[in-house]
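Reading through the structure tokens given below for one structure.
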Amino acid sequence: MLGTEEDFKNLIKDLHKNRIALILDGVFNHVGADSKYFLSAVTDKTGPYYSWFNFINYPTKYQSWWGEPRFLKSTRVMLTTRTSSAGPTAF
């Protein structure tokens, strides 16, 4: 992270004062193969994150982003915040 949440809020205020918009781009539909959510799903079919991924042949074959096995396509949109200790919010 570059700065604090307060730094970010101040940046936005300063940009808006100068009529500048900030566009943020994020990745919300896939995670890395080392993600704790994927690792949980691949080791526990009954766990809370199994349904987040499309397994074709559990546990070794699964749907991935652009066919790249290191990036697992999620069935959920995941939004995370640094201040949350409860894990991601999934829709």
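What the sequence shown shows, in the numbering used here, is residues 220 to 310, in sequence order.
Cβ coordinates follow ideal geometry from the N, Cα and C atoms, glycine included.
On a predicted model such as this, the values are computed, not experimentally measured, just so you know.
Using a Cβ-Cβ cutoff of less than 8 Å, which residues in the same chain neighbour residue i once the five nearest sequence positions on both sides are dropped?
i	result
V250	Y256, F257, F290, L291, S293, M297
L273	In the sequence as presented, Leu is not what sits at residue 273; that position holds Asn. Same-chain partners within the cutoff: Y281, Q282, K292, T294.
Report, in whole angstroms, the separation of the C-beta atoms of residue i and residue j, which I expect to be a contact under 8 Å.
i	j	result
L243	L234	Rounded, the Cβ-Cβ distance is 12 Å, inconsistent with contact.
Please list, in chain order, all residues of the same chain as residue i whose beta carbon is under 7 Å from its beta carbon, the five residues on each side excluded.
i	result
V261	P278
I275	Y281, Q282
W271	Y256, A260, S293, T294, R295, A309
How would you call residue i, buried or exposed, if buried means at least 16 neighbouring beta carbons within 10 angstroms?
i	result
W285	exposed
To the nearest angstrom, how far is the alpha carbon of residue i from that of residue j?
i	j	result
K264	K232	46 Å
L221	G245	16 Å
F227	I239	14 Å
K236	N229	11 Å
In chain order, what residues of the same chain lie with their CB nearer than 6 Å to the CB of residue i, ignoring the 5 residues before and after it?
i	result
Y269	A260
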